[in-house]
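Q: Numbering of the sequence shown is given in our numbering, commencing with residue 387 and proceeding in unit increments.
Idealized CB from N, CA, C, for every residue including glycine.
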Amino acid sequence: MVRKAERGAVHPAHARLPLEQVGDGTETAAWICSRHSISPKLLAPPGPDEVEIEMMIRAAVSAPDHGRLRPWRFIRIANSGRDALGELFAEAQRRKNPDCTEAELERERDRAARAPVLLAAIARINRGCDIPEREQLISVGAAIQNILLVAHALGYGTRIVSGAKTRDRDLCSALGLAAAEELVGFVCIGSATRSAKPARRPSPLEHLSSWDG
Ligand SMILES: Cc1cc2nc3c(=O)[nH]c(=O)nc-3n(C[C@H](O)[C@H](O)[C@H](O)COP(=O)(O)O)c2cc1C
């Protein structure tokens, strides 16, 4: 197959990879479609190492970003911080439901321990500028998706989780978030212990129409 870059349809400035590594794009497209979430309960060591995490964040900061506002940041939860995070989860649960049981609190604590690598994804929406807030939030989503795709490329399973606790301001400030920052969720990354059923996806044509004036 003749690659687009060879046909001249891709400007050389966009073909950053050596041509022999670019492929014709169909493999990459199929690979993107093969990404699916894995329950954090099924994510075991090894998780990504420092170099791989940096690759993920490099991809995150390559997300489309109107106005170059960089409306995202990520906090890696150190393994030594997992117990403390578990306590924050439990306290948030207690604030949400003062009548919750000890078993529910324990489940919350357990959530902080699950994935080998846990990244808190933070949105830093600039509310006083010309770039609409929704565009900034989309940029945060694109940054997170880039992390998921690089993790997938490296062979790791992932899932984003959130829940009411991500909107708990005490929990957010304990994680070091400023008042204007929002905790979007936690990106869980690790090695899948089981293969999951292929995700059911909608038909693409149900989500595409054309307009001809
Ligand atoms: C910002 C965000 C937060 C999410 N939070 C949760 C969550 O708390 N619990 C959950 O089961 N799924 C959550 N999801 C959905 C899963 O991460 C996952 O995308 C969904 O189960 C679909 O699986 P798929 O990624 O294989 O399509 C969240 C997704 C996003 C984008």
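Compute every distance between the C-beta of arginine 545 and the non-hydrogen atoms of ligand 1, then say whether any falls below 7 Å.
A: If you number the sequence shown from 1, residue 545 lands on position 159. True, at least one ligand heavy atom lies under 7 Å from that Cβ.
Q: Rounded to the nearest angstrom, what separates aspartate 451 and glutamate 521 at their Cα positions?
A: The residue given as residue 451 occupies position 65 in the sequence shown. The residue given as residue 521 occupies position 135 in the sequence shown. Distance between the alpha carbons of aspartate 451 and glutamate 521: 8 Å.
Q: Do alanine 585 and ligand 1 come close, with the Cβ less than 7 Å from some heavy atom?
A: What you label residue 585 is simply residue 199 of the sequence shown in a count that begins at 1. Indeed, a heavy atom of ligand 1 lies less than 7 Å from the Cβ.
Q: Buried or exposed for tryptophan 597, going by 16 or more other Cβ atoms inside 10 Å?
A: Taking the first residue of the sequence shown as 1, we reach residue 597 at position 211. Tryptophan 597 is exposed by the Cβ-count criterion.
Q: Taking the alpha carbon of isoleucine 541 as the point to measure from, which residue in Arg459, Leu429, Leu504, Ala449 has its own alpha carbon closest?
A: Sequence index remark: in the sequence shown, residue 541 carries index 155 (1-based). Checking the sequence shown, residue 541 turns out to be glycine, not isoleucine. Minimum Cα distance to glycine 541 is reached at Leu429.
Q: Counting along the chain, where does the beta strand (DSSP E) carrying serine 577 start and finish?
A: Working through the sequence shown from its first residue, we reach residue 577 at position 191. It spans 568–578 - the beta strand (DSSP E) in which serine 577 sits, taken as one unbroken run.
Q: Just how far apart, CA to CA, sit histidine 400 and isoleucine 533?
A: As a first step, residue 400 must be located in the sequence shown, where it is residue number 14. As a first step, residue 533 must be located in the sequence shown, where it is residue number 147. The predicted position of histidine 400 is uncertain, since its pLDDT is 45 and thus under 50; a value taken from the coordinates is nonetheless stated next. Rounded to the nearest angstrom, the two C-alpha atoms are 21 Å apart.
Q: So what does DSSP say about isoleucine 517, is it helix, strand or coil?
A: Start at 1 with the first residue of the sequence shown, and residue 517 comes out as number 131. Of the three classes helix, strand and coil, the one that applies to isoleucine 517 here is coil, per DSSP.
Q: Would you mind giving the Cβ-Cβ distance between valine 570 and threonine 552, rounded to the nearest angstrom? I have them listed as a contact below 8 Å.
A: Locating residue 570 in the sequence shown gives position 184, counting from the first residue. Locating residue 552 in the sequence shown gives position 166, counting from the first residue. With 8 Å as the limit, valine 570 and threonine 552 qualify as a contact, their Cβ atoms being about 7 Å apart.
Q: So for isoleucine 463, helix, strand or coil by DSSP?
A: The residue you call residue 463 lines up with position 77 of the sequence shown. If DSSP states are grouped into helix, strand and coil, isoleucine 463 belongs with coil.
Q: Under 7 Å: does the beta carbon of glycine 576 sit that close to some heavy atom of ligand 1?
A: Mapped onto the sequence shown, residue 576 falls at position 190. No, Cβ of glycine 576 sits at least 7 Å from all heavy atoms of ligand 1.
Q: By DSSP, does tryptophan 597 sit in helix, in strand, or in coil?
A: By one-based count along the sequence shown, residue 597 stands at place 211. DSSP places tryptophan 597 in coil when its eight states are reduced to three.
Q: With distance defined between alpha-carbon atoms, name the residue in Glu490, Pro484, Glu438, Leu504 nearest to glycine 467.
A: The count along the sequence shown starts at 1 and reaches residue 467 at position 81. Nearest of Glu490, Pro484, Glu438, Leu504 to glycine 467, Cα basis: Leu504.
Q: What does the alpha-carbon distance come out to for the pair arginine 389 and aspartate 410?
A: Numbered from its first residue, the sequence shown carries residue 389 at position 3. Numbered from its first residue, the sequence shown carries residue 410 at position 24. Residue placement at arginine 389 is flagged as unreliable, the pLDDT there being 45, under the threshold of 50; the coordinate-derived value follows with that caveat. When rounded, the separation of the alpha-carbon atoms in arginine 389 and aspartate 410 is 5 Å.
Q: Could you tell me the distance, in whole angstroms, from the CA atom of arginine 454 to the CA atom of methionine 442?
A: Taking the sequence shown and counting its residues from 1, one reaches residue 454 at position 68. Taking the sequence shown and counting its residues from 1, one reaches residue 442 at position 56. One C-alpha to the other measures close to 19 Å.
Q: Look up threonine 487 in the DSSP assignment and say whether it is helix, strand or coil.
A: The residue given as residue 487 occupies position 101 in the sequence shown. Threonine 487: coil per DSSP, three-state reduction.
Q: Does ligand 1 have even one heavy atom less than 7 Å from the beta-carbon of valine 570?
A: As a position in the sequence shown, residue 570 is number 184, starting the count at 1. If you check the C-beta of valine 570 against ligand 1, you find a heavy atom less than 7 Å away.
Q: Starting from glycine 337, trace the beta strand (DSSP E) in both directions and tell me its first and last residue.
A: Limits of the chain in this structure are 387 at one end and 599 at the other, which puts residue 337 out of reach.
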